[in-house]
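Colleague: Below you will find the structure I want to go over with you.
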Amino acid sequence: MADQSRRVSLALGGGGARGLAHIGAIQWLTENGYAIDSIAGSSMGALVGGIYATGKLDVYANWVQTLERLQVMRLLDLAFGRAGLFKLERIMGILRELIGDCAIEDLPIAFTAVATDLESGEEVWLREGKLFDAIRASIATPLIFTPCDYGSRTLLDGALVNPVPVSAAFSGKADLTVAISLSGPDEMRTPRSATTPSARTLVYQHRIHALMASLRRPRAPEVASRGMFNIALASMEVMQKTIARLNLARSAPDVMVEIPGNACGFIEFWRAAELIALGRDRTARAFAAARL
15 MADQSRRVSL ALGGGGARGL AHIGAIQWLT ENGYAIDSIA GSSMGALVGG IYATGKLDVY
75 ANWVQTLERL QVMRLLDLAF GRAGLFKLER IMGILRELIG DCAIEDLPIA FTAVATDLES
135 GEEVWLREGK LFDAIRASIA TPLIFTPCDY GSRTLLDGAL VNPVPVSAAF SGKADLTVAI
195 SLSGPDEMRT PRSATTPSAR TLVYQHRIHA LMASLRRPRA PEVASRGMFN IALASMEVMQ
255 KTIARLNLAR SAPDVMVEIP GNACGFIEFW RAAELIALGR DRTARAFAAA RL
């Protein structure tokens, strides 16, 4: 058991549904006596970190573990004719109702949501204003989710400029800085037991896949065969890994927790229990390796 006085500055990275591993990491830290003093998050890191700062992470964890594949698909509200495939209005409305919105400056834990300014390309640290407005800005993955109008700015996913925002998490009061990256080395994946999707699930999936297919570029079959959705995500993953390496070289954390980049697909939120357990396991391993 760690000394109860050990306080942590926590940096939570972006990576779609892999971000559910952040829940397990936070659970392990708090259960082992580490007090989280400040949190900064990009994308899903902002969502999980912000909800933890409200004191309601258990509420979110319990809810997300009830989601099945069809329910996740239904949460993706299509944004026809807009600058992204999905609007995110449906999921943000549910989260506001489930957790309750508040001002970031009123949270009991210092919290920073990292976003990217579309016009200037600047990294933006959101430390005041409505919590879920800041989270919505931080998770605006280009092409996938529509940009977020935030005051006079148009903001995108924070992981574009700072995938693991250690610099934004630093706290002068903390004893340790812990970073959780969702883009760790790929690993062999253990086959999961097969389940047969319902007819309604298949219909909804077919509609989504048909939309993806309609966006493919007909003159590049070797690329189009993967679809715009997968190509966009893979491209951003490559870019973010490079940026993360450069940023972490300048601002190295005391403990780095790495979640395999192939742990799950971008929207596989129906695998929440598995990913939470993975986060706990990898955090325990990282601290054991650091001998803390």
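According to this note's numbering, the residues represented by the sequence shown are 15 to 306, in order.
Just so you know, even glycine gets a beta-carbon here, dropped at the ideal spot from N, CA and C.
1. State buried or exposed for Asp163, treating a residue as buried only when at least 16 other CB atoms are found within 10 Å of its CB.
2. For Glu103, which residues of its own chain have a beta-carbon under 7 angstroms away from its beta-carbon, when the five flanking residues on both sides are left out?
3. Can you tell me where the alpha helix (DSSP H) holding Ile53 begins and where it ends?
4. Below 8 angstroms between beta carbons: does that hold for Ala182 and Leu121?
5. Comparing alpha-carbon positions, which option in Arg32, Gly29, Ala31 and Gly47 lies nearest Ala298?
6. What are the complete alpha helix (DSSP H) segments, minimum 4 residues, inside the region 155-197?
7. Locate the beta strand (DSSP E) running through Met270, then write down its first and last residues.
8. If you run the structure through DSSP and keep just helix, strand and coil, what is Glu236?
9. By the DSSP assignment, the beta strand (DSSP E) with Ser23 in it spans what residues?
10. Which one or two residues does DSSP pair with Val138 in a beta bridge?
11. In its own chain, which residues sit with a C-beta less than 7 angstroms from the C-beta of Thr210, not counting the 5 before and 5 after it?
Modeller: Short version:
1. exposed
2. Asp91
3. Element bounds for Ile53: not the alpha helix (DSSP H) but the beta strand (DSSP E), Ala49 to Ser56.
4. no
5. Gly47
6. 180-183
7. Val269 to Pro274
8. Low local confidence applies: a pLDDT of 41 at Glu236 is under 50, so the model's placement there is unreliable, with the coordinate-based value given in what follows. The answer is helix: DSSP assigns Glu236 an H, G or I state.
9. Arg21 to Leu26
10. Ala129
11. Here the model assigns Thr210 a pLDDT of 46, short of 50, so the residue's position is not dependable and the matter cannot be decided.
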